[in-house]
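I have placed the structure first, in the form of structure tokens, so that the comments after it can refer back to it.
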Amino acid sequence: MRGSDSAKRETDPLLPFAGPSPPGSSSGGDPEADVRASDPASAASVPDGELGKRGEVWLVVQFLIFALIIFPPDFLFSSFIPGSFFVPSKIWYLNYVIGAAFLVIGVSLSSRAAKMFGPNLSGLPRPPAGLQLQTGGMYAVVRHPIYGLAVLIASGITLLTNSTGRGIMTVVLLVFFDLKASAEEGYLVEKFGRRYEEYREKVKKLIPYVY
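Take the sequence shown: its position 128, counted from the start at 1, is 472 in our numbering, and no numbers get skipped.
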């Protein structure tokens, strides 16, 4: 009876396959998994189901820094740094002029940069599957314009409020975006290969023509 049952399983296509995976298949017949296994660039861009696989920790830290810019911890620095120190009182209006300019430029340009990605815009370091490499417009001048413009917006808010706490957190934000951009570029090299390496060699990272 066991011999006849085994033969029936091998000949009847309706019964589940209980034997080893077919030759050349590493995923037990899953064609999408086979494509990901044979294409590392595709595998790097496929969203993972496990929390943290796409760099969610970076996004959490980013929101925490934003929160500290909106609600600055000035009380932490009041004992050794004055609450405001950016512009002398005789020319206090420069705070508002420069800060407002930074804020308007940052918001307007960052919205334009974000629209270039459309539905593929993501705050996570690992790029989504449908992401296309952007090298035109603002991306021809700087590789991560949204990050740089976010720092410009934070600088504008700092000047408008003349807040020491916001100034310190803006510097922290700049360092954070530098580190996050480096992590993101590791995934971009996996996805786009030599194309992104050549682009990275020609275009600055966060500040146009500077850094």
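For glycine and all other residues, C-beta sits at the position ideal for the given N, C-alpha and C. The structure presented is a predicted model; accordingly, all values stated were derived computationally and were not measured.
In the structure shown, the three-state DSSP call for Val547 is coil.
Residue Phe536 holds the alpha-carbon nearest to the alpha-carbon of Gly474 among Phe536, Arg456, Leu403, Met513. Annotation: the continuous alpha helix (DSSP H) that includes Pro489 extends over 489-505. Under the three-state reduction of DSSP output, Val554 falls in the coil class, being neither helix nor strand. Closest option to Val448, judged by alpha-carbon separation, among Gly467, Gly480, Leu504, Gln406: Leu504.
Looking at Trp402, Ala498, Ser455, the one whose alpha-carbon comes closest to that of Gly467 is Trp402. Secondary structure of Val485 (DSSP, three-state): coil.
Taking Val516 as the centre and dropping the five residues before and after it, the same chain places the C-beta of Ile409 closer than 7 Å to its C-beta, in chain order. Counting along the chain, the unbroken alpha helix (DSSP H) around Thr514 starts and ends at 508-536. The segment 450-465 makes contact with the segment 488-495, as at least three CB pairs between them are under 8 Å.
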